[in-house]
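Structure first, commentary second.
2 protein chains.
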Amino acid sequence: MAASVLHDLLQPSSIAIVGASDRPRPDFIGGLRALGFKGDVYAVNPRYTEVLGLKCYPNLLQVPGPVDYVISAIPAAAVPAMIDDCAKKGVKVAHLYSARFAETGRPQDAELEMEVLRRARKGGVRVIGPNCMGLYRPGLGIGWSGDFPRQSGPIAMASQSSYAAHDLILLGTPRGMRFSKVVGYGNALDFNECDFLEYFTEDPETKVILMYVEGVKDGRRFLSGLRRAAKIKPVIIVKGGKGEAGARAAASHTASLAGSMQPWRAAVAQAGAIFADGLDEMVDYGISFSFIESISGPNVGISGTGGGPGVLAADQCEEAGLRVAPLPDEIRQELKSRGTDIWDWVGNPVDMTILGGGLAPGELLHMMGRNRQFDVLISIISDPHNRDRIGPFEGEAYLDRQGLSEIKEKPLLVVVPDKSLDIAELDLWTTEFLCDIRTRLVAARVPVYPTVARAARCARAVIDFYRQKQET
Amino acid sequence: MAASVLHDLLQPSSIAIVGASDRPRPDFIGGLRALGFKGDVYAVNPRYTEVLGLKCYPNLLQVPGPVDYVISAIPAAAVPAMIDDCAKKGVKVAHLYSARFAETGRPQDAELEMEVLRRARKGGVRVIGPNCMGLYRPGLGIGWSGDFPRQSGPIAMASQSSYAAHDLILLGTPRGMRFSKVVGYGNALDFNECDFLEYFTEDPETKVILMYVEGVKDGRRFLSGLRRAAKIKPVIIVKGGKGEAGARAAASHTASLAGSMQPWRAAVAQAGAIFADGLDEMVDYGISFSFIESISGPNVGISGTGGGPGVLAADQCEEAGLRVAPLPDEIRQELKSRGTDIWDWVGNPVDMTILGGGLAPGELLHMMGRNRQFDVLISIISDPHNRDRIGPFEGEAYLDRQGLSEIKEKPLLVVVPDKSLDIAELDLWTTEFLCDIRTRLVAARVPVYPTVARAARCARAVIDFYRQKQET
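The listed protein sequences derive, respectively, from chains A and B.
Once you know that position 11 of the first sequence is 11 in the numbering used here, the rest is easy, because the numbers rise by one and skip nothing.
Once you know that position 270 of the second sequence is 742 in the numbering used here, the rest is easy, because the numbers rise by one and skip nothing.
Put into structure tokens, the structure is as follows:
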């Protein structure tokens, strides 16, 4: 039921920003404009007659047309009366950006929050928040920041922390994450994590579910929702407030009671969901499940590096639970018949530093892709040591030479390093080269990871998810 | 003895590159020029009369002056005769970049390698390699790449894989790593990991020792060297060839017999050395020990983020073994007496999203620094969500406002995220902002990490090292 309620509530035709101003933070009106919201937008604030080019109304009741959705940016003390106005105006849902409620730890603020809930219930107004950024839904042009992509995609996220959601969107965008809807829901006074989880489980636009959770209001309902969701779609969870200090921080952040970690982690894993250690890892899993259809087994072919880094790549794949099989005899024989002088020396991982003698870098990757002993391929783009060999900024030619432009035989994960840069190096060839490569791969819907360990961990998670799905 | 031998051998006054050419890979002559080597450089190759502006001699014996150090870039088969020339010429040490010896796995190549050793022993020539890049010693202007910094520093590295050393130098440079000497030693035919470890232990220029090791020739000598070294200097080890596939790759890389991992890890830890999982973590430890004098205890004050990321920061510090204490009462009282309205709400980590009311972001960090309950500070630079609040590209002003320009009270670790970038974003404000901040901090000898988890792990390692040192 919550699922269909949210389905209706989260597609408003008209939005009023109560507490609108000319120098807003966050800039909700700017976000709606940048993302291309097609519905009516109203500014409400008794102190202005115009805000950012919009006529400004002194209060909600003066707004001429109907208002489906309110964004409240007014101080906490003024929220109860505004909720009454929402009820009178027939507003369906109020997103309370307004904060300083229960999270301050002060009894009077917690009481004020309860008063908001009483009035909302009485007036039939549903509430998102308080103390949150609310909805990002690129398909409808709704969102709290114009920095977010306008393009939508298969990933949904419910995040108790809107700051975490914001970071995640910006972290994930260059790696190809695109979203169906993201909700930062803060103190979860009315709608909570269970409601969003159930909604995303049903949502046909959503293929992958991400959740950042500090406290859970109803553990039993959450776990049963998680079990149901994880049978259908991958669910990735980051838990905030794992330790003593984190739990204390969570309490003063969203007034959450973060439970003890060990039972949490066990219950989440048992429900079939995937635990991520932080937002970076959540991005890794998010792109993996949105780009990779499935991986049928753990046998990985690795190419693109060499020497010690190649040895470490093999180690990291094995540590993540992949199997790095020796190069099959068929491939060695093929190499031998072609007169390749390192046919008996080259292995898996393919050591790029020993390649030569007429063997193009990508050829072995393709051979492994065509060989039935391999289930998945990992290719590593190195910070190139020999720039002059590659030529000025030709990412496309490089990808061709690496054979990465046309890998179709098996799922492919690519490692492109993130690099700390000195300001003096900002114009450097390497940065542009690596960014160009990453952008081209992402455009081709290839998942890209900054390290081998992270790619390998994701490959394993994809294998496990689809295996588990087959079994149920 | 090996220590003093290496001390003498690794400061040559004259270097000959045997197998020099106009299109060399790697460009040893270019490296010596770029790094400013002051001694004599000779090119040797019977096919040329001039190479890269240097007169080229047909063989070593024709070189007019004395030659201390030879870099051999000729094919493996020609190396034994060249070693005889070295002996006749009085060359002290031959670095064999030449490869395709035992690492190919072919018996005749292993035999050739043994022949090289026999002739070297007979002629009194010491050997580095084969199959490696040899020496980077910025203080003398020696190195195999002009991309390396000319400035020297307190970090030494011995690396069985020169590719790993190369990656590490380039990874570490923008984060402030500077080196006394780095040796890529490949197949370790003559000098091996024990020799370099013992040398670095004695070396007054070296404060931190890094080692990338695949196989160890003499386990007992290595562990006793490690125990001795780790009492004096932090020793960070990355082990390549941990698993089955990695060990196989190590064999075909440097002909190493990578031992089983569990006993290795236990022995290394027992010897007091620090195990790093990969090169990224090795850079983390390297900058930590070169910039931080000591940390006296686990109590950390955290500032600079907020919301969910702040909660996760607290979790990650606790997971790494730090203690995230509540904000002490003295600080709350000081805040109250100054009329700060969130005096009872703000905590540790300091939630930047609730700051306001006349409290500058860095002030709480300084208060924690002055308070005896804290031993170490971690400050987190976020990808700024509100660019207009900061203004165009003013990293210095931002650091001032964060109070990071003058933290002297306690050791400070700063988190500056690495960000995957889309090529279209390359000119973006955020990239330059983060790079500018990182560069300024590194110039002030502040260690910078891409994530809180990695900063926290290093703080813990520094605490443990100095505690252990006090006890011995």
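Cβ coordinates follow ideal geometry from the N, Cα and C atoms, glycine included.
Keep in mind the model is a prediction, meaning the values are calculated, not measured.
(message) On the DSSP letters alone, give me the boundaries of the beta strand (DSSP E) that M211(A) sits inside.
(response) V208 to V213
(request) Consult DSSP for A727(B) and reduce its assignment to one of helix, strand or coil. (result) coil
(message) I'd like to check one pair, Y684(B) with A963(B): are the Cβ atoms closer than 9 Å?
(response) Absent from the structure is residue 963(B), since the part of chain B shown begins at 473 and ends at 944.
(message) Alpha carbons only, please: which of N603(B), D752(B) and L695(B) is nearest the one belonging to V740(B)?
(response) L695(B)
(request) Report the option in M554(B), A933(B) and E881(B) whose CA atom is closest to the CA atom of I708(B). (result) A933(B)
(request) Please confirm if H95(A) has its CB atom under 9 Å from at least one CB of chain E. (result) Among the protein chains of the structure shown, namely A and B, there is no chain E.
(request) Please confirm whether Q11(A) and L140(A) have their CB atoms less than 9 Å apart. (result) yes
(message) Would you say Y48(A) lies against chain B (beta-carbon separation less than 9 Å)?
(response) no
(message) Beta-carbon within less than 7 Å of S768(B)'s beta-carbon, same chain only, minus the 5 sequence neighbours each way: which residues are those?
(response) D847
(message) Run through chain A and tell me which residues come within less than 8 Å of D752(B), C-beta to C-beta.
(response) T451
(request) Quick one: grab the DSSP three-state call for V818(B). (result) coil
(request) Count the other CB atoms, across all protein chains shown, that sit within 10 Å of the CB of R692(B); report buried if there are 16 or more and exposed otherwise. (result) exposed
(request) For chain A, find out if any of its Cβ atoms is closer than 9 Å to the Cβ of H795(B); answer yes or no. (result) According to the sequence provided, residue 795(B) is Arg. The question's His does not apply to it. Yes, R795(B) counts as interfacial toward chain A.
(request) For the segment 665-692 of chain B, enumerate the residues whose C-beta is nearer than 7 Å to any C-beta of chain A, in chain order. (result) Y684 and E686
(request) Take the Cβ of R591(B) as the centre, count every other Cβ of all protein chains shown within 10 Å, and call the residue buried at 16 or more, exposed below. (result) buried
(message) Could you compute how far the alpha carbon of P149(A) sits from the alpha carbon of S809(B)?
(response) 45 Å
(request) Could you pull out every residue in the same chain whose Cβ sits closer than 7 Å to the Cβ of G793(B), ignoring the five residues on either side in sequence? (result) P770 and R932
(message) By the DSSP assignment, the alpha helix (DSSP H) with S947(B) in it spans what residues?
(response) Past the edges of chain B, shown from 473 to 944, lies residue 947(B), and the structure says nothing about it.
(request) Just the C-alpha distance for I407(A) and Y870(B), rounded to the nearest angstrom, thanks. (result) 45 Å
(message) Can you pull the chain A neighbours of R910(B), defined as C-beta to C-beta under 8 Å?
(response) S420, L421, D422 and I423
(message) Any beta carbon of chain B sitting closer than 9 Å to that of I380(A)?
(response) no
(request) Show which residues of chain A have a CB atom less than 8 Å away from the CB atom of E791(B). (result) K242 and G243
(message) Please return the same chain residues whose Cβ sits closer than 6 Å to the Cβ of G800(B), not counting the five positions on each side in sequence.
(response) A small fix is needed here, since residue 800(B) is Pro in this sequence, not Gly. N843 and Q845.
(request) Can you pull the chain B residues whose beta carbon is under 8 Å from the beta carbon of T472(A), in chain order? (result) The contacting residues do not exist; T472(A) stays about 31 Å from chain B at best.
(request) For N299(A), write down the residues that DSSP places opposite it in a beta bridge. (result) R323(A)
(request) Just the chain B side, please: which residues come within less than 9 Å of D375(A) by C-beta, in chain order? (result) Here the premise fails: no neighbours, minimum Cβ distance about 15 Å.
(message) Quick check on the DSSP output: the beta strand (DSSP E) that includes P626(B) runs from which residue to which?
(response) S624 to S631
(message) Please report the straight-line C-alpha distance between V914(B) and G562(B), rounded to a whole angstrom.
(response) 44 Å
(request) Answer yes or no: the CB of F200(A) versus the heavy atoms of the ligand COA, is any distance below 8 Å? (result) Among the ligands in the structure shown, none appear at all, so the ligand COA cannot be discussed.
(message) Need the endpoints of the alpha helix (DSSP H) that V182(A) sits in, please.
(response) Here V182(A) belongs to no alpha helix (DSSP H); instead the beta strand (DSSP E) covers F179 to G184.
(request) Determine the burial state of A266(A): buried for a count of at least 16 other Cβ atoms within 10 Å of its Cβ, exposed for fewer. (result) exposed
(request) Please go through the same chain and pick out, in chain order, the residues whose beta-carbon is closer than 6 Å to the beta-carbon of E214(A), but skip the five residues on each side of it. (result) Q160, G240, G241, A250, T254, S256 and A258
(message) With a threshold of 9 Å between beta-carbons, can S652(B) be considered close to chain A, or not?
(response) no
(request) Specify the secondary structure class of E674(B) as computed by DSSP and reduced to three states. (result) helix
(request) Can you say whether Y928(B) is buried or exposed, counting buried as having 16 or more other CB atoms within 10 angstroms of its CB? (result) Looking at the sequence itself, residue 928(B) is Ala, so the reference to Tyr does not match. A928(B) is buried by the Cβ-count criterion.
(request) Just the chain A side, please: which residues come within less than 8 Å of G577(B) by C-beta, in chain order? (result) D344 and W345
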